[in-house]
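For reference, the structure discussed in these notes is given below.
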Amino acid sequence: MALKTPAPLAFHASDRALEKGFDRLKQQALFWVFEGYPVGDYYEAALPMRDAFCMRDTSHQAIGAQVLGLGRHNLNMVRKFAAALDPCRDYCSYWEIDRYDRPCPVDYTNDADFWYNLPANFDLVDAIWRLYRFSGDENYLYDGAIARFCAQSMEEYVRAWDRDGDGIPDRDPKAGRRGIGSYDESGESFTSVKVGSDLVASMIRAYASYARMCECRHQREAARIYEKRGQALKARLEQDWYREGRGYASALSQENEYLFHGSGEMTLLYWGVAEGERAQPILDEISHGYEDMIIERFSHVPEILWKYGRNDAALAALRRAMRPDLPRREYPEASFCAIGALATGLMGLEPDAISGRVATLSRLPRGAWAALEHASALDGCCSVEHGDGESTFINEGTRPVLWRARFLAPGAPCVEGMEFAGGEEVLPFSRETVRFAEVTVPAGASARAFLRPQ
30 MALKTPAPLA FHASDRALEK GFDRLKQQAL FWVFEGYPVG DYYEAALPMR
80 DAFCMRDTSH QAIGAQVLGL GRHNLNMVRK FAAALDPCRD YCSYWEIDRY
130 DRPCPVDYTN DADFWYNLPA NFDLVDAIWR LYRFSGDENY LYDGAIARFC
180 AQSMEEYVRA WDRDGDGIPD RDPKAGRRGI GSYDESGESF TSVKVGSDLV
230 ASMIRAYASY ARMCECRHQR EAARIYEKRG QALKARLEQD WYREGRGYAS
280 ALSQENEYLF HGSGEMTLLY WGVAEGERAQ PILDEISHGY EDMIIERFSH
330 VPEILWKYGR NDAALAALRR AMRPDLPRRE YPEASFCAIG ALATGLMGLE
380 PDAISGRVAT LSRLPRGAWA ALEHASALDG CCSVEHGDGE STFINEGTRP
430 VLWRARFLAP GAPCVEGMEF AGGEEVLPFS RETVRFAEVT VPAGASARAF
480 LRPQ
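According to the working numbering, the sequence shown is numbered sequentially starting from 30.
What follows is the structure, given as structure tokens:
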């Protein structure tokens with residue numbers, strides 16, 4: 030059965046093409062949302078018509094789904110993957126679960142013969158952390174199966190697949206489809222790659238995300254350990270995988286040679302591993318070279334470009350993602366990721382359950398306005414509208430929310446008729462300096478922030 034209750038998320042803008050594009054994205058995404066099957070509430074997160082969800086696509090579609098109000102579906106799907114983790118499969122879960130609550134037959138024969146890409150566990154650990162921050166749902170921290178999945182993914186899973194003892198899981202070419210060393214599944218990569226740069230990047234990000242989870246549970250020593258592991262692995266990536274004039278290697282071959290064919294570098298940006306000057310050539314390439322990308326890669330371009338401050342290029346990429354003639358636009362990841370990018374990138378929506386704060390930042394072109402209505406954030410919904418030098422926030426939840434209204438333009442941020450605190454911060458990755466006004470917005474109330482000329 031399809032989704033019974035339509036998601037309330039809405040988007041309006043002075044740019045009618047953006048508004049119509051959002052409507053197409055939402056319609057396409059909701060087409061893939063299902064309830065009433067044995068697996069429980071889920072959305073398609075795999076190749077279309079598989080009637081299933083896989084670990085990679087679920088991890089990447091999760092924030093778009095959360096914004097749409099599909100928190101119940103996200104939690105159910107994460108729990109299914111977490112519960113399926115098993116020592117008999119070397120601490121792998123099921124790569125793909127179908128609507129009948131079974132490992133998808135096309136990817137699974139038995140516990141010795143199944144499809145599995147090694148970045149999957151780390152990707153899901155990071156998604157779990159991002160979902161906690163976005164939703165505030167403490168099941169992502171304390172649910173037994175989820176907590177066990179995260180802990181074993183960062184320990185037993187690593188040891189089980191680290192065949193050469195260097196602390197990084199790696200592919201055994203004799204293992205067939207079991208334990209693929211990258212998300213790159215092309216023929217040569219499938220057979221020749223020992224470790225993909227995407228595997229290393231996902232692991233670095235997972236260590237950082239899991240460290241934050243441990244902090245939230247007051248496990249300070251564990252947090253310190255995982256933070257240090259992530260930092261050490263990041264240092265190895267920068268030292269061993271990077272070459273001046275060539276950039277980052279895409280993979281390490283079975284002969285322990287670094288391969289530079291470019292297919293994995295974008296994932297270093299997706300997981301926020303490449304920074305500063307070393308990130309710029311990759312950003313330059315994807316800012317102008319996404320027309321021929323397969324949809325699985327292109328789906329992340331708008332989000333990445335906004336994260337790294339390439340705002341004009343990000344908007345152009347989002348417009349392409351909205352096109353009705355986009356090749357393979359029916360691929361679920363395309364619509365879910367574009368909705369997530371519109372919310373977090375264009376509108377700058379950033380909920381943070383740790384502080385109970387929702388930050389916003391307009392990345393609209395000068396003279397434009399847009400409103401994102403009924404976005405699911407923390408334990409309720411909110412609406413945000415951006416115009417030139419002003420933003421309005423509506424708290425539709427049942428608790429007060431600390432709203433941080435960020436601005437890129439010069440001026441002194443103020444809040445109309447309310448006491449507020451002001452400040453300045455530098456955003457990670459993009460290194461953009463923003464000014465903000467911060468105010469507590471009661472449940473059911475609204476606030477308007479604006480820039481006062483200096």
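Beta carbons: idealized from backbone N, C-alpha and C, even for Gly.
Under the three-state reduction of DSSP output, residue 258 falls in the helix class. Comparing C-alpha distances from residue 37 to each of 458, 429 and 409 shows the shortest one belongs to 409. The DSSP-derived three-state label of residue 317 is helix.
With a beta-carbon spacing of about 5 Å, residue 476 and residue 468 fall inside the 8 Å limit used to define contacts. For the beta strand (DSSP E) assignment, the uninterrupted runs of no fewer than 3 residues enclosed by the segment 112 to 143 are, from N- to C-terminal side, 125 to 127 and 137 to 139.
Under the three-state reduction of DSSP output, residue 381 falls in the strand class.
Annotation: residue 438 to residue 418 spans about 7 Å, alpha carbon to alpha carbon.
Remark: C-beta atoms of residue 157 and residue 68 do not approach each other more closely than 8 Å. With respect to residue 209, residue 262 sits apart: the two C-beta atoms are not nearer than 8 Å. Judged by beta-carbon spacing, residue 96 lies beyond the 8 Å limit of residue 474, meaning their Cβ atoms are not closer than that value.
When the Cα atoms are used, residue 134 and residue 245 turn out to be separated by approximately 38 Å.
Residue pairing from DSSP places residue 276 in a beta bridge opposite 272. The residue among 365, 389 and 329 with its C-alpha nearest the C-alpha of residue 430 is 389.
Between residue 365 and residue 93, the C-beta spacing is below 8 Å. Its Cα nearest to that of residue 143, the residue 206 stands out among 175, 206, 247 and 89.
Residue 76 is positioned such that its CB atom lies no closer than 8 Å to that of residue 168. Per DSSP, reduced to three states, the secondary structure at residue 37 is coil, with no helix or strand assignment. Cβ neighbours of residue 283 within its own chain (closer than 7 Å, five residues either side excluded): 202, 221 and 223. A check of alpha carbon separations from residue 275 across 281, 290, 265 and 264 identifies 290 as the nearest. Secondary structure at residue 247: coil, using DSSP grouped into helix, strand and coil. Between residue 42 and residue 370, the C-beta spacing is not below 8 Å.
Here residue 472 really is in contact with residue 426; their C-beta atoms are around 6 Å apart, less than 8 Å.
Judged by their CB atoms, residue 175 and residue 108 are nearer to each other than the 8 Å cut-off. When secondary structure is reduced to three states using DSSP, residue 358 falls in the coil class, being assigned neither helix nor strand. The C-alpha of residue 326 lies about 8 Å from the C-alpha of residue 295. The three-state reading of DSSP puts residue 432 in strand, counting E and B together. Here residue 323 carries a coil assignment [DSSP, helix/strand/coil]. Residue environment: residue 233 is assigned as buried (16 or more neighbouring CB atoms within 10 Å of its CB, all protein chains considered).
For the pair of segments examined, the segment 323 to 341 was found not to touch the segment 56 to 64: the number of CB pairs separated by less than 8 Å stays below three.
In the DSSP assignment, residue 336 falls within the alpha helix (DSSP H) that extends over 330 to 336. The beta carbon of residue 482 sits closer than 7 Å to the beta carbons of 440 from its chain, once the five residues preceding and following it are set aside; these are given in chain order.
The DSSP-derived three-state label of residue 89 is helix. Spatial neighbours of residue 433 in its own chain (CB-CB distance under 6 Å, excluding positions within 5 residues in sequence) are listed in chain order as 386, 388, 465 and 467. Linking residue 449 to residue 443 through their CA atoms gives a straight-line distance of about 7 Å.
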